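This report refers to the structure that appears directly beneath it.
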Amino acid sequence: MSIRFEVKRFEELSTVELYKILRLRAEVFVVEQDCVYQDIDDKDQKATHVIGYKNDQVIAYTRVFDAGDYFENASIGRVVVSKPERQYGYGHDLIKESIKAIENVFKTNTIKISAQTYLKRFYESHGFTQIGEEYLEDGIPHVAMIIA
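Its first residue numbered 12, the sequence shown is counted upward by one per residue in our numbering.
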């Protein structure tokens, strides 16, 4: 079974989809990574949502922003794949779909991200390069990265 992606504005999400997205984000970012932070940050309403489905379950997700809505450049955030599904390489599919969504929706290919440091090589494999020094975000080491 393969993954299927949909790209939606906030207003297009059903309550069930939003619930599944928030559940996946909480499973990974709060529980798995043991990080207490404010996930619901009033930015979802501005974002375009890239959702990966497998058997009608949300197993992968990002939210993408136009330039100026989060960073000065378009950006990708809340990158998440459910733990049991990571072995299939869906993270790579998710990043490709997120880049494509930014190009299609926002008409740009300059993208900035705040990446967890341990994923630096993963993002480099998609053309991102580190800018600046490592920093802590919610107690987790991150680096800023950009692709143009």
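Cβ atoms here follow ideal geometry from the backbone N, Cα and C, with glycine treated the same way. All figures in this text were calculated on a predicted structure; none of them were measured in a lab.
Measure from the alpha carbon of residue i to the alpha carbon of each residue in the options, then state which is nearest.
| i | options | result |
| --- | --- | --- |
| phenylalanine 76 | Glu38, Tyr64, Tyr48, Asn120 | Asn120 |
| isoleucine 51 | Tyr30, Lys65, Asp67 | Tyr30 |
| isoleucine 32 | Asp53, Phe82, Gly79, His60 | His60 |
| valine 92 | Tyr64, Lys123, Ile113, Ile110 | Tyr64 |
| phenylalanine 139 | Val47, Gly79, Ile124, Val90 | Ile124 |
| lysine 19 | Val116, Glu148, Met156, Arg132 | Val116 |
| histidine 103 | Gln141, Leu147, Tyr134, Glu43 | Tyr134 |
| leucine 24 | Tyr99, Gln56, Glu43 | Gln56 |
| alanine 126 | Val41, Arg89, Tyr99, Arg34 | Arg89 |
| glutamine 68 | Ile113, Val27, Glu22 | Val27 |
Quick one: what does DSSP say residue i is sitting in, helix, strand or coil?
| i | result |
| --- | --- |
| histidine 78 | Before going further, note that residue 78 is alanine rather than histidine in the sequence given. Three-state result, alanine 78: coil. |
| serine 125 | strand |
| alanine 37 | helix |
| valine 47 | coil |
| serine 109 | helix |
| isoleucine 22 | The amino acid occupying residue 22 in the given sequence is glutamate; isoleucine does not appear at that position. The answer is helix: DSSP assigns glutamate 22 an H, G or I state. |
Quick one: is residue i near chain B, going by C-beta distance under 7 Å?
| i | result |
| --- | --- |
| threonine 128 | Among the chains in the structure shown there is no chain B, since it carries only a single protein chain. |
Can you find the residues in the same chain that come closer than 6 Å, C-beta to C-beta, to residue i, ignoring five residues on each side of it along the sequence?
| i | result |
| --- | --- |
| alanine 58 | Arg74, Phe76 |
| alanine 71 | Gly63, Val92, Tyr101, Leu105 |
| valine 39 | Val91 |
| glutamate 17 | Ile62 |
| glutamine 165 | No statement about residue 165 is possible, as the shown extent of the chain runs from 12 to 159 and does not include it. |
Quick check: does the Cβ of residue i come within less than 6 Å of any heavy atom belonging to the ligand ATP?
| i | result |
| --- | --- |
| glycine 63 | What this structure holds is no ligand at all, so the ligand ATP is not there to describe. |
Going by beta carbon distance, what residues of the same chain come within less than 7 Å of residue i, once the five residues before and after it are set aside?
| i | result |
| --- | --- |
| lysine 54 | Tyr81 |
| methionine 12 | Lys65, Asn66 |
| threonine 128 | Glu145, Pro152, His153, Val154 |
Grab me the residues of residue i's own chain with a C-beta within less than 8 Å of its C-beta, minus the 5 sequence neighbours each way, in chain order.
| i | result |
| --- | --- |
| isoleucine 8 | Given that the chain is displayed from residue 12 to residue 159, the structure contains no residue 8 and the question cannot be resolved. |
| tyrosine 48 | Phe40, Val41, Asp149 |
With DSSP as the reference, please indicate the residues paired to residue i in a beta bridge.
| i | result |
| --- | --- |
| methionine 156 | Ile124, Gln141 |
| valine 91 | Tyr72 |
| glutamine 147 | According to the sequence provided, residue 147 is leucine. The question's glutamine does not apply to it. Leucine 147 pairs with Pro152. |
| lysine 31 | Lysine 31 is not bridged to any residue. |
| isoleucine 164 | No information on residue 164 is available, as it lies outside the stretch 12 to 159 that the chain covers here. |
| serine 136 | DSSP lists no partner for serine 136. |
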